[in-house]
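Just so we're aligned, residue 11 is where the sequence shown starts under the numbering used here, counting upward by one. Even glycine gets a Cβ: it sits at the ideal position worked out from N, Cα and C. Just so you know, these numbers come straight off a predicted model, no measurement behind them. Shown next, in structure tokens, is the structure this report addresses.
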Amino acid sequence: MLEKQKLGPADKRRQVRRCGVCSARKIKCEGGFPCKYCIKTGKSCVPPKPATGTVVFVQGHVSGETKQQAALSCSKLNIVSAAPVKGNTADRFIGCFLLFIQQNQFTASYQSLDKEILHLVHTSPVLYHSAIAIGALDASRRGSISVLKGRESPQYVAFSSYRTSIRVLQASVSEKDAAQRDDVLWGTFFLGLFELLSDSSGDGWVKHMLHGTSTILRLSRPNKNMSSLRRTFYGIFRMLEASRTLLYSEATILSEDSWVKFHEELVTNDGIWDPMEEILALMIRCSTFSLQAHKIVLEIPEQQRYNDPTIFALGLEGLAIQNAMYAWHAQTLQLLSATAGNSSPLVLSLAYYNALIIFLSGNFDYFPYWAAPNAPILPEHEVTAHVAAILQLTDMALKTSRLAGALMFFPLRVAGSRAGGEAQRGEACTGPGINVLSYVTGVGLEANVVNDGIACLIIKVASTFSYQAALGGIEVTIPDVVAGHVMLAISAYFALLAPGIRIMAPTLEIHVDGKGSVFRTAERGVVHLSVSSASIDQSLAFVNVKGTVETLTQKFRSFATKTEDGLPHPSAGITTFTVSPLSTSSHYQRDHNYHEIKSKPKEFIVRSTAEVVFRNLELLSEISHELANMPHVSIVSSEWRLTGATRTEIEREARVKAIRDAVQKAEDYAGVVGRQVIAVEIKDGPSSNSTSTSRPYYFGAPVQMQQQQMQQQQQMATRQAAAPSVTMDGPSLEPRTITVSAQVNAKFVSVE
Numbered sequence: 011m012l013e014k015q016k017l018g019p020a021d022k023r024r025q026v027r028r029c030g031v032c033s034a035r036k037i038k039c040e041g042g043f044p045c046k047y048c049i050k051t052g053k054s055c056v057p058p059k060p061a062t063g064t065v066v067f068v069q070g071h072v073s074g075e076t077k078q079q080a081a082l083s084c085s086k087l088n089i090v091s092a093a094p095v096k097g098n099t100a101d102r103f104i105g106c107f108l109l110f111i112q113q114n115q116f117t118a119s120y121q122s123l124d125k126e127i128l129h130l131v132h133t134s135p136v137l138y139h140s141a142i143a144i145g146a147l148d149a150s151r152r153g154s155i156s157v158l159k160g161r162e163s164p165q166y167v168a169f170s171s172y173r174t175s176i177r178v179l180q181a182s183v184s185e186k187d188a189a190q191r192d193d194v195l196w197g198t199f200f201l202g203l204f205e206l207l208s209d210s211s212g213d214g215w216v217k218h219m220l221h222g223t224s225t226i227l228r229l230s231r232p233n234k235n236m237s238s239l240r241r242t243f244y245g246i247f248r249m250l251e252a253s254r255t256l257l258y259s260e261a262t263i264l265s266e267d268s269w270v271k272f273h274e275e276l277v278t279n280d281g282i283w284d285p286m287e288e289i290l291a292l293m294i295r296c297s298t299f300s301l302q303a304h305k306i307v308l309e310i311p312e313q314q315r316y317n318d319p320t321i322f323a324l325g326l327e328g329l330a331i332q333n334a335m336y337a338w339h340a341q342t343l344q345l346l347s348a349t350a351g352n353s354s355p356l357v358l359s360l361a362y363y364n365a366l367i368i369f370l371s372g373n374f375d376y377f378p379y380w381a382a383p384n385a386p387i388l389p390e391h392e393v394t395a396h397v398a399a400i401l402q403l404t405d406m407a408l409k410t411s412r413l414a415g416a417l418m419f420f421p422l423r424v425a426g427s428r429a430g431g432e433a434q435r436g437e438a439c440t441g442p443g444i445n446v447l448s449y450v451t452g453v454g455l456e457a458n459v460v461n462d463g464i465a466c467l468i469i470k471v472a473s474t475f476s477y478q479a480a481l482g483g484i485e486v487t488i489p490d491v492v493a494g495h496v497m498l499a500i501s502a503y504f505a506l507l508a509p510g511i512r513i514m515a516p517t518l519e520i521h522v523d524g525k526g527s528v529f530r531t532a533e534r535g536v537v538h539l540s541v542s543s544a545s546i547d548q549s550l551a552f553v554n555v556k557g558t559v560e561t562l563t564q565k566f567r568s569f570a571t572k573t574e575d576g577l578p579h580p581s582a583g584i585t586t587f588t589v590s591p592l593s594t595s596s597h598y599q600r601d602h603n604y605h606e607i608k609s610k611p612k613e614f615i616v617r618s619t620a621e622v623v624f625r626n627l628e629l630l631s632e633i634s635h636e637l638a639n640m641p642h643v644s645i646v647s648s649e650w651r652l653t654g655a656t657r658t659e660i661e662r663e664a665r666v667k668a669i670r671d672a673v674q675k676a677e678d679y680a681g682v683v684g685r686q687v688i689a690v691e692i693k694d695g696p697s698s699n700s701t702s703t704s705r706p707y708y709f710g711a712p713v714q715m716q717q718q719q720m721q722q723q724q725q726m727a728t729r730q731a732a733a734p735s736v737t738m739d740g741p742s743l744e745p746r747t748i749t750v751s752a753q754v755n756a757k758f759v760s761v762e
């Protein structure tokens, strides 16, 4: 049977696209990618593989002077490029997200992640919006999805979904079980990936992916019975965290005893020697040693370091780590020569090995009180050979596999920092290093991770400062960059990041105001009462008020039961009430113009006030209606309150939120200019609280308004004494929300 002729670019026939599962079953493929059938059956929705070319690498070697033998295996890579073309916009962007996962692999188990993560994407708001954000951003860069005129662009959808996902994540992490939820963990990871794609500085990546997930893992604690999704994430985190702790010279939870023991149990259960796991363990060991050694050296006076036995012992310990690396390398080369399948993890681990052995040497060869053979210091020609191996291995890994470019951070940074000599600089400018950068430009994640990151470094080198390169004594200035000396500028920048060498920049000061508010529903209802009577007979007015006050006091006391120690009983409907003594005043009656009529006898007004605090809102409703219909009684105002303990608690929460807001603002400002800051001064600002209350508005009102209020009260008292009562509604009984706010003024300065 003749092969079906492929559709050409000018062919008007409909081109049929079906996933592999639907194609095998010969059924209609609907819903974009993933299709409806694969979602329903839980199968992996993979586009049919087109005919692809084959990339073949022949064996080569690195100079034997490096104490290593390099073996490059033959590798074949089938590259699938497809984008969902059906379904609604959200489904299409989620399809782009799944393609993004397939094309940017972090670990071996990451390859099957799309099968497990798809269910979480459709059930978790955090993952749903972060998946759309990544898929839309990747689609906007590839141009793989067309948008009708008037519709939102993929880039707009990406950042809008990112903002929504951040809000959902912030709400999720406040829940008690947040550390145990797989969607929170993966949501944090994918938001970090988005920030790595959209921000070349990498600050968001470090904050969310590395610091954020590190905190979540620490809270969840190591558990060998973790879910498959969490175990996959642990493998990814271990790779990225091992690189971070070396690059940023910071401690890691992976060196803590509980996590070391946990990982040993995982490796023992697998029972297979894994070169990648072993090199990661060496990276963590080397990082821990580097931090401890730096701390020990600083405690010894500089003049004593040349003869101090502790310094000598550190050199021997470094040699022990170096010997462990050589042993790992020999065993890995044997495994590589016998590997017939996918060798990309081995190639990546070899790149890590070459970078790590240079890094270890860098802990010693910059200081005069260590010398070979008593310390793991490499000769210059071996460093050069290791740099060449890194460039060759990373170039091979990116071209023959789907490894994520973020995995190349550590080896490429080390290679950039130690490229030495005019010959290697020239090779770096035209050889494998530039080939890596040119290749990753079209791969998505790698383009921003490596290419934009390198460009950012060049800008830093070519700024207002003029730096002296640590290697070769070559000054790097703007003309060098303009002339195309890209790797030369990178080498100078990375050399300045080597141990013992620091860049001194002017101190940055940031002054910010932090604000925080906490909301709580009111716990107590307070009613303010006025009991009054007006009459030309003073004794009658007095009897009216006195009798009413006694009735109210007896009623309130029946609901305000006390414990033996005099405190309000937990079941008491009224916690406290107070009644003021009776007061008497007199005045002449007035006409409609408010003029005194001295021909008439004086009126006497007898008044008392009360404040009642209710715990039971149903009782408040019942008594309020009674009070509104009682003669001589008027409800002046009502308000809502919190208990003293609750108010103290939320005032503290508001202060904490305010200082966190100040810290976040300072970090945002500093992050834009590539600096880190710490707080050096904090001043407490004005605090406030507010609630929807009904206070007597004549308090503090102008005199004229107070007089009008007095007149109205007198008229009301007269009517109450002479006329029957009228049914009235009591105060609003729906508890209001009380807001407590705090403000701080903080000063931050940069740290280098």
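Going by DSSP, which residues form a beta bridge with Ala756?
In DSSP, Ala756 forms a bridge with Val522, Ile692.
Terminal residues of the continuous alpha helix (DSSP H) containing Phe199?
Unbroken alpha helix (DSSP H) run through Phe199: 192-208.
Could you pull out every residue in the same chain whose Cβ sits closer than 8 Å to the Cβ of Val393, ignoring the five residues on either side in sequence?
Around Val393: Ile368, Ser371, Arg428, Gly430.
Are Leu609 and Val750 close, meaning C-beta to C-beta below 9 Å?
As written in the sequence, residue 609 is Ser, which differs from the Leu given in the question. No; because the gap between Cβ atoms is not below 9 Å, this pair is not in contact.
Output the boundary residues of the beta strand (DSSP E) element that contains Ser595.
Residues 593-597.
Restricting to Cα atoms, I'd like to know which of Leu360, Gln314, Leu326 is closest to Phe1.
It is not possible to answer for residue 1, since the shown part of the chain is limited to 11 through 762.
According to DSSP, is Leu413 helix, strand or coil?
Looking at Leu413 - three-state DSSP - the assignment turns out to be strand.
Restricting to runs no shorter than 4 residues, where is the alpha helix (DSSP H) found entirely within the region 535-595?
For the region 535-595, whole alpha helix (DSSP H) runs of length 4 or above, ordered along the chain, are 548-569.
Does the distance from the C-beta atom of Val541 to that of Val553 stay below 9 Å?
It is not a contact, given that the beta carbons lie outside the stated cut-off.
Nearest by alpha-carbon distance to Ala570: which of Trp269, Thr586, Phe116 is it?
Ala570 has its Cα closest to that of Thr586, out of Trp269, Thr586, Phe116.
If you run the structure through DSSP and keep just helix, strand and coil, what is Thr404?
If DSSP states are grouped into helix, strand and coil, Thr404 belongs with the helices.
Within the same chain, show all residues whose beta-carbon is closer than 7 Å to that of Ala143, passing over the 5 residues directly before and after it, in chain order.
So the qualifying residues of the chain are Ala168, Ser171, Tyr172, Ser175, Phe204.
So Ala532 packs on Pro745, CB below 8 Å; how close in whole Å?
Rounded, the Cβ-Cβ distance is 4 Å, consistent with contact.
Less than 9 Å separating the beta-carbons of Val56 and Cys29?
It is a contact, given that the beta carbons lie within the stated cut-off.
Just confirm the distance between the C-beta atoms of Ala292 and Met335, as a whole number of angstroms; I'd bet it's less than 8 Å.
Reading the sequence as shown, one finds Leu at residue 292 and not Ala. Contact flag correct, Cβ pair sits at about 6 Å.
Is the separation between the beta-carbon of Leu137 and that of Leu147 shorter than 9 Å?
No, these two residues do not count as a Cβ contact at 9 Å.
Can you tell me whether Ala348 is helix, strand or coil according to DSSP?
Coil at Ala348, not helix or strand.
In angstroms, rounded to a whole number, what distance separates the CA positions of Glu632 and Ser590?
Computed Cα separation, rounded: 23 Å.
Alpha carbon to alpha carbon, how far is Lys757 from Glu628? Give it in angstroms, no decimals.
Near 50 Å, if we compare the C-alpha coordinates of Lys757 and Glu628.
Does DSSP put Thr517 in a helix, in a strand, or in coil?
Coil, per DSSP.
Please classify Tyr244 as buried or exposed, where buried requires at least 16 other C-beta atoms within 10 Å of its C-beta.
Buried.
Just verifying my parser: in three-state terms, what is the DSSP assignment at Phe504?
Low local confidence applies: a pLDDT of 34 at Phe504 is under 50, so the model's placement there is unreliable, and no value is given.
Considering only their Cβ atoms, is the gap separating Phe110 from Gly145 smaller than 9 Å?
Contact: yes.
Using the three-state DSSP reduction, which class does Trp338 fall into: helix, strand or coil?
In the structure shown, Trp338 sits in a helix (DSSP, three-state: H, G or I).
Opposite Glu649 in the DSSP bridges: which residues?
Note: Glu649 sits in a beta bridge opposite Val536.
Assuming Ala361 and Ile400 form a contact by the criterion Cβ under 8 Å, report the distance between their Cβ atoms to the nearest whole angstrom.
Their Cβ separation, rounded to whole angstroms, is 5 Å, which keeps Ala361 and Ile400 in contact under 8 Å.
With 16 other CB atoms within 10 Å as the buried threshold, where does Ser735 fall?
Only weak support exists for where Ser735 lies, its pLDDT of 36 falling under 50; the value from the coordinates is given anyway. Burial call: exposed.
Tell whether a beta-carbon distance below 9 Å holds between Gly524 and Ala672.
Yes, the Cβ-Cβ distance between Gly524 and Ala672 is below 9 Å.
From the DSSP output, read off the bridge partner residues of Thr772.
The question about residue 772 has no answer here: the residues shown for the chain are numbered 11 through 762.
I think Val759 touches Ile645, with their Cβ atoms under 8 Å apart; what is that distance to the nearest whole Å?
With 8 Å as the limit, Val759 and Ile645 do not qualify as a contact, their Cβ atoms being about 56 Å apart.
Please state whether DSSP places Ala395 in a helix, a strand or coil.
Here Ala395 sits in helix by DSSP.
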